[in-house]
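Line by line, the protein sequences are chains U and X.
According to the working numbering, the first sequence holds residues 7 to 371 in order.
According to the working numbering, the second sequence holds residues 6 to 1083 in order.
Ideal Cβ positions, reconstructed from N, Cα and C, are used throughout, including at glycine.
Values in this document were obtained by computation on a predicted structure and should not be read as measured data.
Take a look at the structure set out below.
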Amino acid sequence: MSHTKALIALEDGTLFNARAFAGRGEIEGELVFNTSMTGYQEILTDPSYRGQIVTLCYPLIGNYGINTEDMESYRPHAAGLVVGECSRVVSNWRANKSLPEYLEENGILGVDRVDTRAVTLHIRDKGAMKCVISTEDLDADSLVAKAKASQGLVGRDLASEVSVKAPMIWEPQNQKKTLRKVATIDCGTKYNQLRILQDLGCEVHVFPNNTSAEEILAIKPDGLFLSNGPGDPEGVMHTVSEVRKLIQTGLPTFGICFGHQLTALALGAKTFKLKFGHRGGNQPVMNLAKGTVEITSQNHGFCVDKDSLDPEIAETTHINLNDQTSEGLRHKTLPLFTVQYHPEAAPGPHDSMYLFHDFMKSMGV
Amino acid sequence: MPKRTDIKKIMLIGSGPIVIGQACEFDYSGTQACKALREEGYEIVLINSNPATIMTDPEIADRTYIEPITPEAVEKIIAKERPDALLPTLGGQTALNTALTVANMGILEKYGVEMIGANAEVIHRAEDRDAFKEAMKEANVETLISIQVHTLAEAMAAADKIGYPVIVRPSFTLGGTGGGTADNPEELREVATAGLKASLNTTVLIEESVYGWKEYEMEVMRDHKDNVVIICAIENLDHMGIHTGDSITVAPAQTLTDREYQAMRDASIRVMRTIGVETGGSNVQFAVDPKTGRITVIEMNPRVSRSSALASKATGFPIAKIAAKLAVGYTLDELPNDITRETPACFEPTLDYCVVKIPRFAFEKFTSTPARLGVSMKSVGETMAIGRNMKEAFQKALRGLERGIDGFDLKCEEIVADRPLEGLFATTSPDRIFRIKTEMKNGMTDEELYKRTHIDPWFLDMMRQICELEKRIQDAPELDADLMKEAKDDGFSDAQIAALRGKTHTEIRELRKSFGIIPNYRLVDTCAGEFEAYTPYFYSSYGETDESRPSTKPKIMILGSGPNRIGQGIEFDYCCVHTVMALRDMGYETIMVNSNPETVSTDYDTSDKLYFEPLTFEDVMNIYEKEKPEGVVVQMGGQTPLNLSVPLAAAGVPVLGTPSDSIDQAEDRERCRVLLDQLGLKQPQSATAKTVEQAVEVAKKIGLPIMIRPSYVLGGRAMMIAWEEADIIPYVKEAFKAGPGMPVLLDRFLDNAIEADVDVLCDSEDVYVGGVMEHVEAAGIHSGDSACCTPPYSLSPIIVDRIKDSCGKIALALKVKGLLNVQIAVHKGEIYIIEINPRASRTVPYLSKSTGIPLAKLAAQVSVGRTLRELDLPTLGTPNYHWYAVKEAVFPFNRFAGVDPILSPEMKSTGEVMGMDYVFEAAFWKAQIAAGQALPTEGTVFLSANDESKDWMTDLGKTLHDIGFSIIATEGTAQVLEEKGVPAERLFKLAEGQSPNIQDYMADGKVQLIINTPSSAISRKDEVKIRSEAILRGIPIITTKWGALPTIAAIDYINKRGWVVTALQEYFLAAPSGNKFR
């Protein structure tokens, strides 16, 4: 494998040298960092990273290659991958290809020899920012100008880009039992959410995020699941209005991440952009009802303003112990609860699996 | 939930002496725990027999008992102190086992003491194999197929059922003592017998072998609200079958997908909950089949461990401190993360660097046992390094190991130049990685290497990348900036590059600096940079940004002692920590540099700044140039930093304390001889030789007996006494082998001399004598291995005064500014100077602890300019007190089957204990018990004397008979005993091949004490067999007159008077206030 020089330029003029280990060309996106030490395959294929270039804080990446089972969607969604050192060998019994091979196949630019800690500290201090990485244009001024000119995430509807294009039923061939029918509004769902629902006995109907409430209700679902997704929730107000209609029907509803934010918007609360987001597998979340802590997997740049939640309508059920931000809410009267973090893990800890069971209970299982 | 208010007084059990498997990591955890609990207002009662620990400093606990860690002592302390709770999870296996015994004896119930952290039931479930397997079934965690047995016959049957190869794992032991792998019934017979013996409850597990699987460890914490977090995952580079303490380990795990990692995390949490550890830290070990990913749990330790100390240093998460707080009722979310301050301790640390630990061994001291690794731990220390990639961390750790290598360099290959990578060498040698390098360069494929070594391909490729870069550096027409940067990114040291380019390391250093390539320092922050970190804990890398924030305050840099080894252990870390404390008190900013993860000095709380770096010239200079401290302390960390004194001073670094010329004067034999002559002090006649012939010639001049040793080696390596002319040539050859290219030193050996150690503090104008320590063993036994007593118990006051006077002269002549250690021999009323060490010595903590005068702290103040007068220390004064403190050495012989456990000029002990009492005999007895010599009060003694010791042995036999012991002996000894009217049962000699012999008696538990003097310098095989078997069976054995006489006197005394426990604080309170010194 030959390596090409690459340059990372940020909108504030900061530059980092790099070398391409997969893909060539020029990419743009919001540069973010993820602190997970494992799970690069799941991170790459998580649709929530649409429009983002992911820096992995842990510097040694690619060690265990890529396998067929740990895909979180049909393709990688991150615009690019920034790592310290990409392994040149693969060591794992399940691996069937290397990380560079996988990125090449999908035309994703991967760069290494980057001081990822320097990148992380910069983003931590200055916030997530627009970025361009190129193997073609190595001129600093030109690249910084491109970064400045690039589209940001705010107000953009990225969910529609990753949502299914037509309704579908999740892997009917693998359906072992069917206890309930669940409608999922796909804003960029991770497969593991669907896998878990199916394992628990749900027939999962996946709808594009521009589907109307009526169309969804037409299948007579027992419950509604609102998935994760990329970008700014305020960019998909069309989905929010359908969600509002759906929850008012009293349908048991469970939302994750973007789904949490859409629900909050539907309930009249506000969302805001975090300085650099929460991305990693070690975020402590306090379950306020139980008084115990769950170590959670997170990936979000936007957040629900928990003080904007009308206490008459809904209550905060979970908070992040690091910064006290909203991690979960429950409707006062309707069978509706959502969380900001990722109980389906993949990657990350499994501490919060109980939420899927709670959802089943809310559907009477 | 806030802390408990129903308990006020908590008792902690320490881990006792440093032994293989239990080292200073428990001082680190115990000290953290004591501080954490006192901070919460609890009263702390501590028992620990190891004086060289920070935790036994009288300021750390409210009541400090330096007493043997036995159930009996614990009961006495409980009865006296009446604590509300006992915390057994911070003092290693020793504390856990002792607490369990005390609980089973009903003592806790009797005195109403609650066990916190882990109760007896939990300990049982984690430690007892059947109970553990049952629990694992309940937790739905797979375990290995295994059968628990109590006899050899059961063991053989179990192995037949499981199928060979099997692993033998004794329960209730330290570091896997007595365990091993057996490929066939013959091997099993041997391994299982040893295992049954090593187990406290005669129980071993015969287990399916997972030899060659991948091994992982998880460090887990839980609070009483059932919050559970994983602090760190550690992957072993060495495969299953090599004890994790002996493995090269890496954090975080490198070759697990998230799915596998989370499965292991889930399993760890289930294990924690099912075993029922209510609060605190535990360690869970897993084996993973590299072919299928099958995960099985191997064991769990319901306590903090060596690995948790490593995990704390690797992540910045203070496991022991948090464990202590959880034990008294806090929950994880209530405790702050010290490093980030704003976020809670309830999270999982995430790393953005790679950590490598490499163990250090001492096989060269136990040559009659092969240098093989297995399930029983053998390493005596370890070093850790942090880097931005594994190559960097690995190479830093290798140079931090202080084995004379500068990384994964050319010299590594020389170490094993003649060892093919085959068989047991390929799978079990601690040096196999060096051979891998050669094979890689010779073209062996990773596939073949994996087949031979079971080392994961990912690690092999890491090594191969180093080899490839090495070649590029070697072959490059010019070493340009890009290549230099690449080399530094991958951890190549200046010296390593220099060797490849045929330059000196200073030339490379200059070239590198001319390119502007200097290291940056990064924070260990628990969170991969997500939050701002406040704790200044750094490692170097060649990254783009620097986080070191040098201040403008007056600051001093203290160099630590690197990995523990025999001859340089916890004592030096103690001195470094005390130096830091004293200098902090004086208002200096203190900067600690060390690479040993087990220590208190590498706790980020100890100094103002911690640099976790190897102690090499390059690494130290880099920090110096970044921080620009006012001075560097090299006197406290033993020989490691002292060796840097001259090069650092030459590079313009202000080295504090004794001038480096004086250090040279003390260490250079010729210059030292001239000095002593000028002072009118005697020393044994001596000479140096560069060839064998020359040695023989000078030996003739000096006369017999003669001590032969190599120069510039530590801990008396290959130091021998020739009693006969025939010994000279083989010994000289051995000495040349141990110190290749160095002259051999020959000294007249002073037979039957009394040896003494003296630690002196000098400000270059006045001298204070910290104490005179009289050795129990005669000269000829390494001072680190000899028991000793302060104040002297047999030397006359006149001699002691003359010793003090002589040491004072030396200190002044050398213009010592700080500490000086002098070793003295008193031979026929004359004082001889044996050795001068211009630095803190191994005895400083023991002496400080026994007198209450903190020598190292005082020395630190002197090194920055305070005078003894200012410190109120009288000239030639010594502390005045009315008790005896006996230090006894602790040996690792039980780890090295077949090794003759006799004492010699070569140091072999790993640790020490102290016995303190107002009566010498009681202090001596306590020291023996604390050192693990289970001295009997009644029963049978086996006496076996060589010709020279027949006289005193018969006298001793008479005493033993008079105080009620039965005596057994072989023919010769029995005969002389009977001549004196002492009845002795006769045993056959082993060589006679008949029963009963001493081995039968040992096996049947019919002998309680063995006194056996070696017949000649090279012991007869059957003697070795007796002694090493006694060690393995835990039967106390004494091999010298000097050890035997006080032992028997002590047994007699304790039989008649019994013994009491006394806290350090009680001794010091009772000390006369008017005349602190004499």
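Check	Outcome
DSSP beta-bridge partners of alanine 90 (chain X)	X:Ile15 and X:Glu119
Contact under 8 Å by Cβ, isoleucine 152 (chain X) with alanine 163 (chain X)	yes
Assigned exposure category for glutamate 917 (chain X) - 16 Cβ within 10 Å defines buried	buried
Contact with chain X by tyrosine 360 (chain U), beta-carbon distance below 8 Å	no
Contact check, serine 769 (chain X) vs lysine 814 (chain X), beta carbons under 8 Å	no
The region 598–613 of chain X touching the region 665–682 of chain X, judged by at least three CB pairs closer than 8 Å	no
Option nearest leucine 709 (chain X) by Cα separation, candidates X:Gly298, X:Lys687 and X:Asp732	X:Asp732
Whole runs of the beta strand (DSSP E) within the region 288–326 of chain U, excluding any shorter than 3 residues	298–310 and 320–326
Interface residues of chain X facing methionine 292 (chain U) [CB-CB closer than 8 Å]	Asp338
Alpha helix (DSSP H) segment containing valine 598 (chain X), residue limits	It is not in any alpha helix (DSSP H) - valine 598 (chain X) instead sits in the beta strand (DSSP E) that spans 594–599.
Test: methionine 395 (chain X) CB closer than 8 Å to a CB of chain U	yes
Interface partners of aspartate 243 (chain X) on chain U, CB under 9 Å	Under the 9 Å cutoff, chain U gives no residues; its nearest Cβ is about 15 Å from aspartate 243 (chain X).
Residue range of the alpha helix (DSSP H) that includes threonine 458 (chain X)	451–458
Simplified DSSP state of glutamate 953 (chain X), which is helix, strand or coil	helix
Local conformation of valine 6 (chain U) per DSSP, three classes	This structure does not reach residue 6 (chain U), given that chain U is present from 7 up to 371, and the question cannot be answered.
Span separating the alpha-carbon of valine 1111 (chain X) from that of proline 897 (chain X)	Residue 1111 (chain X) is absent from the structure shown; chain X starts at 6 and stops at 1083.
Check whether leucine 232 (chain U) and leucine 206 (chain U) have beta carbons under 8 Å apart	no
Members of the region 196–217 of chain U that neighbour chain X once the beta carbon cut-off is set at 7 Å	none
Environment of alanine 655 (chain X) [buried if 16+ CB atoms lie within 10 Å]	exposed
Minimum C-alpha distance to isoleucine 344 (chain X) - residue among X:Glu353, X:Lys416 and X:Pro541	X:Pro541
Outcome for threonine 339 (chain U) when other beta-carbon atoms lying within 10 angstroms are tallied against a minimum of 16	exposed
Three-state class that DSSP yields for glutamate 397 (chain X) in the structure shown	helix
Proximity test, Cβ basis, 8 Å: alanine 124 (chain U) and chain X	yes
CB of phenylalanine 970 (chain X) within 8 Å of CB of glutamate 943 (chain X), strictly	yes
Separation of isoleucine 324 (chain X) from glycine 334 (chain X), as counted between CA atoms	16 Å
Proximal residues to leucine 873 (chain X) (C-beta, below 6 Å), its chain only, five neighbours per side dropped	Asp768, Asp771 and Tyr773
Assigned secondary structure, serine 791 (chain X) (DSSP; H/G/I helix, E/B strand, else coil)	coil
Extent of the continuous alpha helix (DSSP H) run through proline 850 (chain X)	849–856
Cβ pair leucine 13 (chain U), leucine 109 (chain U) closer than 8 Å	no
Outcome for glutamine 866 (chain X) when other beta-carbon atoms lying within 10 angstroms are tallied against a minimum of 16	buried
Amino acids of chain X, ordered along the chain, whose beta-carbon sits closer than 9 Å to that of arginine 130 (chain U)	Gly534, Glu535, Phe536 and Glu537
Residue closest to glutamate 213 (chain X), alpha-carbon to alpha-carbon, out of X:Leu426, X:Ala187 and X:Asp133	X:Ala187
Below-8 Å beta-carbon distance, tryptophan 218 (chain X) vs any chain U residue	no
Cβ-based neighbour list, glycine 181 (chain X), same chain, cut-off 6 Å, excluding 5 preceding and 5 following	Any reading at glycine 181 (chain X) must be qualified, since the residue scores a pLDDT of 48, below 50, and its modelled position is unreliable; the value itself is stated next. Once the five neighbours on either side are set aside, the close Cβ partners of glycine 181 (chain X) are His248, Val380, Ser381 and Met382.
Distance, isoleucine 225 (chain U) Cα to leucine 210 (chain X) Cα	59 Å
Three-state secondary structure assigned by DSSP to valine 981 (chain X)	helix
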